[in-house]
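Reading through the structure tokens given below for one structure.
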Amino acid sequence: MNSHVITPGPYRATKLWNEVTRLFRSGMPLRKHRQNFRHYASCFAASAAVEWMHQLLRNNSNFGPDVTRQQTVQLLKKFLKNHVIEDVKGRCGTEDLEDNNTLYRFPTTSPLKPIPCPASGSAPGSVKKRPSFRDREGFFKFRGIKKEHEKETQENVDPALQAGGENQPIGEQQVPRRELTVEDEQEIWKDITTTHLQRILGVASLDEVLDQRYVNPQNIVHNMTNVNKHGVVTLDDKTNDLPHWVLSAMKSLANWPKYDSEQPSYPGFERDVFKTVSDYFYSLPQPVLTYELYELFINVLGVLQPQSERVAIEALQLCTLLLPPSSRRKLQLLMRMMSRISQNVDMPRLHPAIGTRTLMVHTFSGCVLGSAEECDLDELLATRLVSFLMDHQESILSVPEYLRSAISDHIQYLRAVQVPMDGVSNVEASDEVCAPMPIYAFCRQISGAEFEQQKLESSQKAMEELLEMLLTNQNMSEKDRRKKLKQFQKQYPDIYSRRCPSSDKKSKNNTKPKIKPPLLTIKKTKAFSIRN
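Quick note: the sequence shown, position 468, residue 468 per the UniProt record's numbering, numbers continuous.
Structure below.
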């Protein structure tokens, strides 16, 4: 059965609902049934629909093999409520469908949900107004700003102000650049992280799937720098941490049967401890992944395909860096506990009918991912995401060193080329580097697409200048230079190949095995003694 790939973008959950609806209506077998001495054509029994839909969802990469039969029943209940199906007497609007032989049929009207037109409103998470250039004086206003921007600025000066005279404004003022502030550096952390994420998701603008107001650069910095030796986030404010009794319960389950001897032990004790942990997480005011980032994580499922597992891991690495530190810490500890319990062969069965791994996924999926407003596919999508998170928690919830290194090098470079207000350079640089930074006084309003294009161009320029710094920095050891260049080449192969085409050719040529020269044959000579 043909299934369309729902790529990342706005309203992805609605598109997935329509896709599942389309597959069900086009593929579910219909036949003639008899019920209460009457015959009904082109209908199906509820149990047959559950069986067919269950196999469809398990084999669909958007949902995966962790979907249970009960979840399938819940989806069909929502189908009945939303008039995707109706009983053979034409009744719908309730959720009283059960896994039995009750007969249902498809209505003649289209059950697909409308997707808002971009022209009539902004996509979820989009920001309507965008400035043409960054409001901040520093950061990304590099010395290489293109001449067409300069020309465009001059062309958009109010004609009434171009009449001449002493009050004529100057389109470009030469002022010395200032040093980076803490706020500038935080914006660098934010912009480089979100630019990477946009590239991985393959969306034209990250605003399609994320409200930029919820991206706090302080969260990114904290999540990447304040970690313990196990890679878990540490908190400055302990009041936001997990309560001691919850940490103790989670540690007991993760290390079972090696738990604290002071804790009680009785048959079924581990089940009570497990319920205590799950009750705490469901008592939180919002899911661990937060309501604000719901749309973003739903879209990550668009790249979570069997052939692109590495891409999904990298995307989730970056998404989880946007979480508040307290939420990221809860996620790390929860996923570690779930992974260790599911792999522990000594752990007694926590449920008489469900396997331990399946129990972990279905117990905690609802408290990890959820939307502020009820979504018809919340449960299925959360199951798919939590299953992947648990299986790859070590990689996903670790700090991406390539990103931290790229940000650190970029900030170091920008610090080096800044000119203090007294006009004395921080480094010995050329006149071009030390030239005053132009401040543009008049800018026209541009569209969001143009803004994103300028943002990408600025990021490209930043990476090119970072590469140049790595190649020319005399204070860097050759070992560090090779290491950082190797990381840069891996992350930005196109930029690297344009700057160092000969290196690529050389590396390809060096793949051929070298022929060793023949060993020299040394003729042994007889040693004569001078003694008789």
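Here a beta-carbon is modelled for each residue, glycine too, at the ideal position from N, C-alpha and C.
In terms of residues, what are the limits of the beta strand (DSSP E) holding residue 39? For the purposes of this step, residue 39 is taken as residue 39 along the sequence shown, with counting starting at 1. Residues 38-45.
Going by beta carbon distance, what residues of the same chain come within less than 6 angstroms of residue 339, once the five residues before and after it are set aside? Position 339 of the sequence shown, counting from 1, holds the residue named residue 339. 390 and 393.
Quick one, are the C-beta atoms of residue 24 and residue 384 less than 8 angstroms apart? In the sequence shown, the residue the question calls residue 24 occupies position 24. In the sequence shown, the residue the question calls residue 384 occupies position 384. No. Outside cutoff.
Considering only residues of the segment 342-411, which uninterrupted alpha helix (DSSP H) runs meet the minimum length of 4 residues and lie entirely inside it, listed in chain order? 356-368, 378-391 and 393-396
Strictly by DSSP, which residues pair up with residue 533? Coverage of the chain is limited to positions 1 through 532, which leaves residue 533 absent and any answer about it impossible.
Measuring CB to CB, does residue 356 end up less than 8 angstroms from residue 347? As a first step, residue 356 must be located in the sequence shown, where it is residue number 356. As a first step, residue 347 must be located in the sequence shown, where it is residue number 347. Closer than 8 angstroms, so yes.
Anyone know if the C-beta pair for residue 95 and residue 81 falls short of 8 angstroms? As a working note, residue 95 is residue 95 in the sequence shown. As a working note, residue 81 is residue 81 in the sequence shown. For residue 95 and residue 81, yes; Cβs fall inside 8 angstroms.
To the nearest angstrom, how far is the alpha carbon of residue 424 from that of residue 417? On the sequence shown, residue 424 is found 424 positions in, with the first residue counted as 1. On the sequence shown, residue 417 is found 417 positions in, with the first residue counted as 1. Any reading at residue 424 needs caution, since the residue's pLDDT is 47, under 50, leaving its predicted position unreliable; the model's value is listed next. Whole-angstrom Cα-Cα distance: 11 angstroms.
Could you check how far apart the C-beta atoms of residue 361 and residue 66 are, in whole angstroms? I think they sit under 8 angstroms. As a first step, residue 361 must be located in the sequence shown, where it is residue number 361. As a first step, residue 66 must be located in the sequence shown, where it is residue number 66. Confirmed, Cβ separation roughly 5 angstroms.
Going by the beta-carbon positions, is the gap between residue 409 and residue 484 smaller than 8 angstroms? In the sequence shown, residue 409 corresponds to position 409, counting from 1. In the sequence shown, residue 484 corresponds to position 484, counting from 1. Yes, Cβ-Cβ distance for residue 409 and residue 484 is below 8 angstroms.
DSSP state of residue 244, grouped into three classes? Taking the sequence shown and counting its residues from 1, one reaches residue 244 at position 244. DSSP places residue 244 in helix when its eight states are reduced to three.
Runs of alpha helix (DSSP H) lying entirely within the segment 299-323, each at least 4 residues, in chain order: 309-321
Alpha carbons only, please: which of 469, 397 and 28 is nearest the one belonging to residue 415? In the sequence shown, counting from the first residue as 1, residue 415 sits at position 415. It is 469.
Less than 7 angstroms between the CB of residue 348 and some heavy atom of the ligand ZN, yes or no? In terms of ligand content, the structure shown is empty, and the ligand ZN therefore cannot be addressed.
Among the residues of its own chain, which have a CB less than 7 angstroms from the CB of residue 377, if the five just before and after it don't count? For the purposes of this step, residue 377 is taken as residue 377 along the sequence shown, with counting starting at 1. If we look at residue 377 and ignore the five residues flanking it on each side, its Cβ neighbours are 13, 16 and 17.
Below 7 angstroms CB to CB, which residues in the same chain sit around residue 534 once its five sequence neighbours on both sides are set aside? A question about residue 534 goes unanswered here, because the residues of the chain that appear run from 1 up to 532.
Start-to-end residues for the beta strand (DSSP E) that takes in residue 483: On the sequence shown, position 483 is the one that residue 483 refers to. Counting along the chain, residue 483 falls outside any beta strand (DSSP E), though it belongs to the alpha helix (DSSP H) covering 478-491.
Determine the contact status of residue 188 and residue 407, defining contact as a CB-CB distance below 8 angstroms. Counted from its first residue, the sequence shown places residue 188 at position 188. Counted from its first residue, the sequence shown places residue 407 at position 407. It is a contact, given that the beta carbons lie within the stated cut-off.
With a threshold of 7 angstroms on Cβ separation, who are the neighbours of residue 41 within its own chain once the five nearest residues in sequence on each side are excluded? Position 41 of the sequence shown, counted from the first residue, corresponds to residue 41. Excluding positions up to five away in sequence, the list reads 32.
Does the count of Cβ pairs from the segment 38-53 and the segment 229-247 closer than 8 angstroms reach three? no
In chain order, what residues of the same chain have a beta carbon less than 7 angstroms from the beta carbon of residue 28, not counting five sequence neighbours either side? Against the sequence shown, residue 28 aligns to sequence position 28. Within the same chain, residue 28 has close Cβ partners 44, 49 and 52.
If you follow the beta strand (DSSP E) that residue 213 is part of, which residue opens it and which one closes it? Here residue 213 refers to the residue found at position 213 of the sequence shown. Residue 213 -> no beta strand (DSSP E), and no H or E assigned at all.
With 16 other Cβ atoms within 10 Å as the buried cut-off, status of residue 328: Here the question's residue 328 lines up with position 328 in the sequence shown. It is buried - the Cβ of residue 328 has at least 16 other Cβ atoms within 10 Å.
Measuring alpha carbon to alpha carbon, tell me which of 105, 352 and 379 ends up nearest residue 364. As a first step, residue 364 is located in the sequence shown; it is residue number 364 there, counting from the start. With distances taken between Cα atoms, residue 364 lies closest to 379.
Are the Cβ atoms of residue 475 and residue 322 separated by less than 8 angstroms? Numbered from 1 along the sequence shown, position 475 holds the residue referred to as residue 475. Numbered from 1 along the sequence shown, position 322 holds the residue referred to as residue 322. Contact flag unset, no.
Integer-rounded CB distance, given that residue 467 should sit under 8 angstroms from residue 586: Here the chain has residues from 1 to 532 only, and residue 586 is not among them.
Tell me whether residue 535 is buried or exposed, calling it buried when 16 or more other Cβ atoms sit within 10 Å of its Cβ. Any answer about residue 535 is impossible in this case: the structure gives the chain only from 1 up to 532.
Closer than 7 angstroms by C-beta to residue 249: which residues in its own chain qualify, once you throw out the five before and the five after it? Chain order, please. Here residue 249 corresponds to residue number 249 of the sequence shown, with the count starting at 1. The residues are 273, 276 and 277.
Going by DSSP in three states, residue 209 sits in which element: helix, strand or coil? Within the sequence shown, residue 209 is the residue found at index 209, counting from 1. In the structure shown, residue 209 sits in coil (DSSP, three-state: anything other than H, G, I, E or B).
As assigned by DSSP and simplified to three states, the class of residue 13: To locate residue 13, count along the sequence shown from 1; it is residue 13. Residue 13: helix per DSSP, three-state reduction.
Compare the C-alpha of residue 308 against each of 286, 388, 294 and 231 and name the closest. For the purposes of this step, residue 308 is taken as residue 308 along the sequence shown, with counting starting at 1. Ranking 286, 388, 294 and 231 by Cα distance to residue 308 puts 388 first.
N-terminal and C-terminal residue of the alpha helix (DSSP H) that residue 564 is part of: The structure shown does not extend to residue 564, since the chain is modelled only from 1 to 532, so the question has no answer here.
Nearest candidate by alpha-carbon position, reference residue 350, set 191, 76 and 270: By 1-based counting over the sequence shown, the position of residue 350 is 350. Nearest of 191, 76 and 270 to residue 350, Cα basis: 270.
If you run the structure through DSSP and keep just helix, strand and coil, what is residue 20? In the sequence shown, counting from the first residue as 1, residue 20 sits at position 20. In this structure, residue 20 counts as helix in the three-state DSSP scheme.
Does the beta-carbon distance from residue 289 to residue 297 come in below 8 angstroms? Translated into positions along the sequence shown, residue 289 becomes position 289. Translated into positions along the sequence shown, residue 297 becomes position 297. Yes; because the gap between Cβ atoms is below 8 angstroms, this pair is in contact.
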